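Asker: In full-length UniProt numbering, the protein residues as written are 176 to 400.
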Ligand code: CTP
Ligand code: CA
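(1) Where do the ends of the alpha helix (DSSP H) carrying residue 224 lie?
(2) Quick one: what's residue 348 bridged to in DSSP?
(3) Contact between the region 214-225 and the region 284-298: three or more CB pairs below 8 Å?
(4) Let me have the residue list for ligand 2: C-beta closer than 7 Å to any non-hydrogen atom, ordered along the chain.
(5) Apart from the five residues just before and just after residue 378, which ones in its own chain have a Cβ nearer than 6 Å to its Cβ?
(6) Counting Cβ pairs, one atom from each stretch, are 3 or more of them under 8 Å apart for the region 228-239 and the region 191-207?
(7) Can you tell me whether DSSP reads residue 290 as helix, strand or coil?
(8) Please state the DSSP three-state secondary structure of residue 299.
(9) Taking Cβ to Cβ, would you say residue 322 is nearer than 9 Å to residue 270?
(10) In terms of residues, what are the limits of the beta strand (DSSP E) holding residue 182?
(11) Which residue marks the beginning of the beta strand (DSSP E) containing residue 280, and which one marks its end?
(12) Verify the contact flag: residue 352, CB atom, against every heavy atom of ligand 1, threshold strictly below 8 Å.
(13) Within the chosen definition, does the region 280-292 reach the region 305-314 through at least 3 CB pairs nearer than 8 Å?
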């Protein structure tokens with residue numbers, strides 16, 4: 176106890192993190208979702224908390240085992256709910272990390288009753304969800320840092336750089352699918368970190384816990400500059 180007390184680099188800092196999937200309601204018993212586990216966002220929350228930060232974790236559906244009193248969890252379901260939860264907390268955040276896999280579209284008119292099976296095919300009309308990261312990017316003021324994630328299957332670097340510019344991110348973390356084991360529902364990730372004012376940093380395949388530490392180190396460097 177106490178022997179390895181290193182300096183807590185995020186003491187006094189507020190960190191907001193989005194994590195997990197969103198569920199977009201089709202009817203009372205069905206939804207559109209995705210395979211995001213929320214593990215990356217949760218790992219980031221714990222690293223920030225261990226560094227002294229006060230963390231607001233805005234989490235989509237999933238099983239999150241939060242073991243730190245410095246982490247406040249707000250559970251949400253849809254992208255709209257996530258937007259509201261983020262929007263009301265964003266201005267207090269020194270650092271915001273958008274790690275959620277937000278659905279791009281939602282059913283235009285969710286049914287009040289369970290939809291009955293009928294014809295040989297069916298169509299559900301979808302409408303675009305608000306882009307949480309992009310909207311917070313517009314609201315960001317000096318000294319606030321916004322960090323995004325990207326997962327691409329082609330032209331990775333180009334698309335990641337484009338997203339960073341479009342959403343006014345200070346940094347974007349690109350998840351690579353190129354190695355076995357990187358991506359959703361696994362415990363490892365291979366990442367590249369792009370930054371507005373630095374050359375890309377490539378990291379080897381690591382556990383999400385260690386990846387989270389790499390990301391937090393980069394954010395700390397950014398905060399210092
Ligand atoms: N994001 C968000 N709100 C959305 C969509 C995305 O906050 N409605 C955030 C994600 O959390 C991530 C970043 O934006 O940090 C990039 O997400 P991604 O799905 O890769 O970007 P999109 O702009 O939705 O582009 P794409 O067409 O590639 O899905
Ligand atoms: Ca998307």
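All C-beta atoms in this analysis are idealised placements derived from N, C-alpha and C, irrespective of residue type, glycine included. All values derive from a computational prediction rather than experimental measurement.
Answerer: From the atom records:
(1) From DSSP, the alpha helix (DSSP H) with residue 224 extends over 214-225.
(2) 324, 368.
(3) At 8 Å Cβ cutoff, the stretches do not touch.
(4) Per the Cβ criterion, the list is 277, 279.
(5) Within the same chain, Cβ atoms closer than 6 Å to the Cβ of residue 378 are found at 366, 389, the five residues on either side in sequence being excluded.
(6) Per the Cβ contact rule, the region 228-239 is in contact with the region 191-207 (3 or more Cβ pairs under 8 Å).
(7) In the structure shown, residue 290 falls within a coil segment according to DSSP collapsed to helix, strand and coil.
(8) DSSP places residue 299 outside both helix and strand once states are collapsed to three, so it counts as coil.
(9) Going by beta carbons, residue 322 and residue 270 fall inside the 9 Å limit.
(10) Neither: residue 182 is in no beta strand (DSSP E) and is coded neither H nor E.
(11) Element bounds for residue 280: 280-282.
(12) Answer for residue 352: no, Cβ out of range of ligand 1.
(13) Contact between the region 280-292 and the region 305-314 is absent, because fewer than three Cβ pairs lie under 8 Å.
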